[in-house]
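S.K.: All residue numbers for the sequence shown refer to the numbering used here, where the first residue is 205 and numbers rise by one.
The C-beta atom is built at its ideal place from N, Cα and C for all residues, glycine as well.
Note that the coordinates shown come from a computational prediction; the quantities given were computed from them, not determined experimentally.
One structure is given below, represented as structure tokens, and several questions about it will come after.
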Amino acid sequence: MKLRSIHIVILFVIFAITVVVIMLPRNVMPYSKDTLFSHMYKYEGMANLPKPLTSEEFNNAVKELNGSNPKNEEKNELNKQPKKVEGFALQPAPFGDSKVLDRYSSTPSGPQCFGRSSGYSNSLGPLCLSQEDERLLSTRGGNISGTDSTIGR
């Protein structure tokens, strides 16, 4: 299909209108505080942030955090005691050790176990898996219900 001169003129007019519409706003900038959202939705964005601290307020806050405030002495004594972060065995806890999550971390390994490791190894060589370990690996942790889905058989 050949473009007639009228088609070229129409395309040029559409292009010109598009360029004018894009360049029409007077305040083209990457960020402006004066937007619809700053007026209509004042609970969002940066408008409700507190004022920055003066240097004196900042220094007082730093002194409080460093423990020079007598009110913090009791808090500091409580903070020195180790606390357990639930779900992570990061610190000692008074209610005992966490259960072992990785049963294969304590499995012995070495070159004598080559061919019995189901492809698992660590820095010392292939893992020496027991019959129970191999069964758990091939039956998806014992949750498998049939033999047609057995892995590696």
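Answer with buried or exposed for Pro330, where buried requires no fewer than 16 other C-beta atoms within 10 angstroms of its C-beta.
M.R.: buried
S.K.: So Ser325 and Ser313 are supposed to be a Cβ contact under 8 Å. How far apart are they, rounded?
M.R.: 7 Å
S.K.: Per DSSP, which residues does Asn326 bridge with? Please list them.
M.R.: Paired residue(s): Gly329.
S.K.: Can you say whether Leu333 is buried or exposed, counting buried as having 16 or more other CB atoms within 10 angstroms of its CB?
M.R.: Burial check for Leu333: the Cβ neighbour count within 10 Å reaches 16 or more, so the residue is buried.
S.K.: Name the one or two DSSP bridge partners that Ser313 has.
M.R.: Its beta-bridge partners are Leu331.
S.K.: Rounded to whole angstroms, what's the CA-CA distance from Ile210 to Val223? Just pull it up for me.
M.R.: Approximately 20 Å, taken between the alpha carbons.
S.K.: Three-state secondary structure (DSSP) at Lys267?
M.R.: helix
S.K.: Quick check: what's the CA-CA separation for Arg266 versus Pro254?
M.R.: Correcting the residue type first, residue 266 is Val in the shown sequence and not Arg. Distance between Val266 and Pro254, taken at the CA atoms: about 18 Å.
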